[in-house]
Amino acid sequence: MTVYELEHLWRPEGFVSPAWVDVDASGYITTLGDSPPSARSERVAGVVVPGVPNLHSHAFQRAMAGLAEHRVGQDDFWSWRQAMYGFVERLGPEDVEAIAFQLYVEMLEAGYTSVGEFHYLHHDLGGEPYESPHELAERVVAAAHRAGIGITILPVLYAASGFDGSPPRAEQRRFATTPELVAREIEHLTRVWRTDPNVRVGLAPHSLRAVPPPALSEVLSAARAIDPRAPIHIHVAEQALEVEASVVARGRRPVEWLCDSHAVDSHWCLVHATHVTPAELSAIAQSGATVGLCPSTEANLGDGRAPVLAALAAGVPFGIGSDSHVSVSPTEELRLLEYVERLNLQQRNVLADELHPSTGARLFAAAVAGGARALGRPIGALTPGGRADWVVLDTDHPSLAEKPLERVLDAWVFCNHGSPVRDVMVGGSWVVRDGRHRERDAARSAFRSALARLRG
Ligand SMILES: [Zn+2]
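FYI, the numbering for the sequence shown is 210 to 665, going by the numbering used here.
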């Protein structure tokens, strides 16, 4: 048991200054109070906030960030996807692990303490299972373990190349799975990692276009049989074309179809949900599902503008993800949510209101609560029973110095002058100190070697 004296602890209802927190040997917070304990404590200067859950990641895509910014004819999501398929042709298991390791180190240094890994790269270069069929999932979890980030690993079902149910195409061979294979992977990972409180296993049917209705029902029952509360993530309504194809194939829009056809509940995370009607937003709100917003990737891919203001008004919980990792910064994701609305409405502080006048605090509070719910782990709130996953903001940093406490989150989110993230703890262990991850050099060197191999 270690006791920490936190100079300023941020909670959605206000600051506790100071706060004393007991963390047990398994990395859980056991008590939290505002009076000094009898035991000796370690003092933590600055502002302590919950670590941010990053609810949507495709780790391998970190290595192609920056390589798809040259125009190729009519350039959109679909041409980007073709470039990504070309990249996937060359990735080996060692590359996958090295890329994920670098990415997770970057996430921790930026203030993310947990990740939802939407894991869809399963097979070898020829599309055949590896000798251990769970090779690549294990590589990704190993990278998370080494970096010290919490992970919800979500094996992906990818069973079709379109709404007509055609089988995956040649360039999708490394993703192609069946409900049975996915269930086996969930079972395997659950068995191997069941005693590690930093690991959770869920399920990700890739999207309605990649999972025909019978396969979706089958994989949901299989996952529910293994873990009735497992997180379930799905890409939905990211692209206008996908909405049109859904209407043609199923007579309904994607979110409409999903909420009508399945018992979508608070264990679900609808990733993107960019193209939704007010009726679909209220269906999501009623279901209790979280929406996974990935604004930097959605902007990069030209997906469309997510209806954040309408989602907030409808009471839809949301979290953020860095998805394709053109950016690995929780504050950039939050800032973009607000800025897109400002540009659209020609107003300021659009996502704040009378009850929540601080835009930064409102977005931050929503993202940590929604992210925790989506990842199915006791994170996102520094309370007894929760994981000791926190970020210490340096109040001497030029972005935060001499600011009143109630402006600190606004300054962190909106002042982009270098990161004030000084220290990061995950499950009771310090993984970042003075802005530097303990394995930064090792991660960079392995990443660089992987990039050199991939360049060939
Ligand atoms: Zn995605």
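Even glycine gets a Cβ: it sits at the ideal position worked out from N, Cα and C.
This one's a predicted model, so the numbers in the text were calculated from it and none came from an experiment.
Give the range of the beta strand (DSSP E) segment to which residue i is assigned.
i      : result
Thr387 : Taken as a continuous stretch (DSSP letters only), Thr387 belongs to no beta strand (DSSP E), as it is neither H nor E.
Asn263 : 261-266
Tyr548 : No beta strand (DSSP E) contains Tyr548, which is instead part of the alpha helix (DSSP H) from 539-554.
Phe269 : Note, Phe269: premise wrong, no beta strand (DSSP E); not H, not E.
Thr240 : 238-242
Ala379 : Note, Ala379: premise wrong, no beta strand (DSSP E); not H, not E.
Val473 : Taken as a continuous stretch (DSSP letters only), Val473 belongs to no beta strand (DSSP E), as it is neither H nor E.
Asp650 : Looking at the DSSP string, Asp650 is not in any beta strand (DSSP E); the run it does join, the alpha helix (DSSP H), is 649-664.
Gly528 : 527-529
Thr211 : 211-220
Thr499 : 499-502
Arg409 : 408-410
Pro364 : 359-366
Please tell me whether, using a cut-off of 8 Å, the distance from the CB of residue i to the nearest non-hydrogen atom of ligand 1 is below it.
i      : result
Ser533 : yes
His328 : no
Cys503 : yes
His331 : no
Val641 : no
His565 : no
His646 : no
Ala480 : For clarity, residue 480 is Val in the given sequence; the question names Ala instead. Indeed, a heavy atom of ligand 1 lies less than 8 Å from the Cβ.
His484 : no
His476 : no
His265 : yes
His217 : no
His606 : no
His397 : no
His279 : no
His444 : yes
Taking the alpha helix (DSSP H) that residue i belongs to, which residues open and close that run?
i      : result
Leu518 : 517-523
Val305 : 302-319
Met293 : 286-297
Cys468 : 463-470
Leu450 : 449-459
Asp632 : Premise fails: Asp632 lies in the beta strand (DSSP E), 630-635, not in any alpha helix (DSSP H).
Val577 : 568-584
Asp619 : 617-623
Ile435 : 422-435
Report yes if the CB atom of residue i is closer than 9 Å to the CB atom of residue j, and no otherwise.
i      : j      : result
Ser266 : Ser531 : yes
Ala576 : Glu542 : yes
Ser491 : Ala523 : yes
Leu417 : Leu366 : no
Ser370 : Pro364 : no
Thr387 : Ala356 : no
Gly414 : Val428 : The sequence as given places Pro at residue 414; Gly does not occur at that position. Yes, the Cβ-Cβ distance between Pro414 and Val428 is below 9 Å.
Ser628 : Ser538 : yes
Phe269 : Val232 : no
Relative to the alpha-carbon of residue i, which residue among the options has its alpha-carbon at the smallest distance?
i      : options                        : result
Ser250 : Trp229, Thr239, Asp243         : Trp229
His444 : Glu326, Ala277, Arg459, Asp243 : Glu326
Phe384 : Phe372, Ala351, Ala356, Leu345 : Leu345
Glu315 : Arg271, Pro246, Asp284         : Arg271
Asp632 : Tyr321, His534, Gly336         : Tyr321
Ser247 : Thr499, Thr540, Thr211, Phe656 : Thr211
Ser323 : Arg544, Arg653, Asp619, Ala578 : Ala578
His534 : Cys503, Arg348, Leu390         : Cys503
Ala439 : Ala494, Ala498, Leu450, Ala458 : Ala498
Tyr294 : Ala307, Gly528, Leu276         : Leu276
His354 : Val401, Ala379, Ala610, Ile441 : Val401
Leu317 : Ala655, Glu550, Arg664, His646 : His646
Arg582 : Ile529, Ala431, Leu300, Ala268 : Ile529
Val485 : Ala520, Val349, Ala458, Phe573 : Ala520
Gly594 : Leu241, Ala454, Asp284         : Leu241
Arg393 : Ser430, Ala561, Glu611         : Ser430
Ala352 : Ser341, Phe372, Asp304, Pro245 : Asp304
Under 9 Å between C-beta atoms, does residue i make it to chain D?
i      : result
Gln495 : Among the protein chains of the structure shown there is no chain D, as only one such chain exists.
Query raised in the report: Is the region 592-600 touching the region 252-259, taking contact as three or more C-beta pairs under 8 Å?
Result: The region 592-600, when compared against the region 252-259, does touch it at the 8 Å Cβ threshold.
Query raised in the report: Does the region 543-557 come close enough to the region 231-247 to have 3 or more Cβ pairs within less than 8 Å?
Result: no
Query raised in the report: Do the region 446-455 and the region 396-410 make contact, defined as three or more Cβ pairs closer than 8 Å?
Result: Flag = no, the region 446-455 and the region 396-410 do not touch.
Query raised in the report: Contact between the region 473-487 and the region 561-568: three or more CB pairs below 8 Å?
Result: Remark: fewer than three beta-carbon pairs, one from each stretch, lie closer than 8 Å, so the region 473-487 and the region 561-568 are not flagged as touching.
**Report entry** Contact between the region 579-587 and the region 635-650 (3+ Cβ pairs under 8 Å)
**Finding:** no
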